[in-house]
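Working notes, structure below.
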Amino acid sequence: MLYGSECWAVKQQQLHKVNVAEMRMLRWMCGKTRKDRIRNIEIQRQVGVAPIDTKIREGRLRWFGHLQRRPTNAPTRKLD
Numbered sequence: 543m544l545y546g547s548e549c550w551a552v553k554q555q556q557l558h559k560v561n562v563a564e565m566r567m568l569r570w571m572c573g574k575t576r577k578d579r580i581r582n583i584e585i586q587r588q589v590g591v592a593p594i595d596t597k598i599r600e601g602r603l604r605w606f607g608h609l610q611r612r613p614t615n616a617p618t619r620k621l622d
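Counting in this note's numbering, the sequence shown runs from 543 upward without gaps.
Okay, structure coming up:
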């Protein structure tokens, strides 16, 4: 679900949609529905995952560190 998220320009609306999709999958994994009225944080604790927006942020920071170590003439560092 996060493939390539290191270089996404994520808007708030897109982040919300990704969060919704993640929670639907986690609820399905647990066998719970929205009618069970269990908070998202509780579902995430049961499954043992961090919020997806945190994972996207970590991936972007990791990618930034990778770019910083590249030579200045590398195509990924050039700004046009």
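Backbone N, C-alpha and C fix where the C-beta goes; we use that ideal spot for every residue, glycine too. It should be emphasised that the depicted structure is a prediction, and the values quoted were computed from it without experimental measurement.
Under 8 Å between the Cβ atoms of residue i and residue j?
i    : j    : result
C572 : Q586 : no
R602 : E564 : no
Rounded to the nearest angstrom, what separates residue i and residue j at their Cα positions?
i    : j    : result
Q610 : I598 : 18 Å
G546 : W605 : 10 Å
K625 : D578 : Any question about residue 625 goes unanswered here, given that the chain covers just 543 to 622.
Using C-beta distances below 6 Å, list every residue in its chain close to residue i, excluding the 5 sequence neighbours before and after it, in chain order.
i    : result
D622 : A caution first: D622 carries a pLDDT of 49, below 50, which makes its placement in the model too unreliable to give a value.
Here's the rule I'm using: 16 or more other beta-carbon atoms within 10 Å means buried, otherwise exposed. How should residue i be labelled?
i    : result
I594 : buried
A584 : According to the sequence as given, residue 584 is Glu; it is not Ala. Flag for E584 reads exposed.
Name the two residues that bound the continuous alpha helix (DSSP H) containing residue i.
i    : result
I594 : 594 to 611
N582 : 582 to 589
Can we count residue i as close to the ligand NAP, meaning its CB is less than 7 Å from some heavy atom?
i    : result
I585 : This structure lacks the ligand NAP; in fact it carries no ligand of any kind.
Going along the chain, which residues of its own chain have a beta-carbon closer than 8 Å to the beta-carbon of residue i, five neighbours each way excluded?
i    : result
R612 : T618, R619
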